[in-house]
Structure formats: C-alpha cells, structure tokens
Amino acid sequence: MNTIQRIALVLLIIGGLNWALIGLFQFDLVASIFGGQDSILSRIIYTLVGISALCCLPLLFVTDKDEREIIRGKNLDYSTEFAKENDPTEFTNNKEK
C-alpha cells in the first residue's frame, strides 16, 4: 500500500466514523466542526472522503499473496516473457564435448 492509499484509507475511516455518528446519534461531526453542511470546509472534507474512496477501489482487487510479496519486496520477476532463459553452463559443457 503506497502513501496515497494510506492517506485515503485514513480519510475513509474518518468518513466512516462520521457516518456512524450520523446513523446512531444524528450528529454530523464534520458539519459541527466546520460550520454546517453547507460551509465550504465541510464540502471539501466530504469531497476528499469521496475521492479517497475512489483511490481505495484498487485495494479490493489485490490478493493476500500479492500484498505479502509487495511488502517483502519479492515481487521481482527477472525472466523474459518471450522464451526460456538459457543456462550459461550449457554452452561451456557443449564446447568441451
């Protein structure tokens, strides 16, 4: 997970908590902090939460195996896509015969 996805995830958690407060207590924390739902700051926060949801969509398609390999740095594939790579010892063995 890169830095942008981590920031997006934090914004989604904040947005989820805000929705939980709205659902349970009819209390909009973002609106109360930034001066109502119609204030420009509240609308910016709501927009950032929505954009962060779009940024986190690719996380739905990452498998656990891919994520573990990326974290460990072992997602390196040095093989060619066109043919099998030759073993250099094959050439030396053929010349000796």
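So for the sequence shown, my numbering puts the first residue at 1455; every next one is plus one. Even for Gly, the Cβ is constructed at its ideal location relative to N, Cα and C.
* Taking all protein chains shown into account, do 16 or more other C-beta atoms lie within 10 angstroms of the C-beta of Ser-1506, making it buried, or fewer, making it exposed? -> Classification of Ser-1506: buried, given that the 10 Å Cβ count is 16 or more.
* Asked: Quick one: any contact between the stretch 1511 to 1519 and the stretch 1474 to 1491, if contact means 3 or more CB pairs under 8 Å?
  -> No, they do not touch.
* **Through-space distance from Phe-1479 to Leu-1495, alpha-carbon basis** => Each residue's alpha carbon lies about 22 Å from the other.
* Asked: If you count every other CB in all the chains shown that lies within 10 Å of the CB of Thr-1464, and 16 or more means buried, which is it?
  -> Before going on, a small fix: residue 1464 reads as Val here, not Thr. Exposed, since its Cβ has fewer than 16 Cβ neighbours within 10 Å.
* Could you pull out every residue in the same chain whose Cβ sits closer than 6 Å to the Cβ of Gln-1491, ignoring the five residues on either side in sequence? => Excluding sequence positions up to five before and after Gln-1491, its CB lies within less than 6 Å of the CB of Ala-1485, all in the same chain and listed in chain order.
* Asked: Which residue comes first and which comes last in the alpha helix (DSSP H) that contains Ser-1493?
  -> In the DSSP assignment, Ser-1493 falls outside any alpha helix (DSSP H) and carries neither an H nor an E.
* Asked: How far does the alpha helix (DSSP H) with Gly-1470 in it reach, from first residue to last?
  -> Per DSSP, Gly-1470 belongs to the alpha helix (DSSP H) from 1457 to 1479.
* Inter-residue spacing [alpha-carbon to alpha-carbon] between Val-1503 and Gly-1469 -> Looking at the two C-alpha atoms, the distance is approximately 6 Å.
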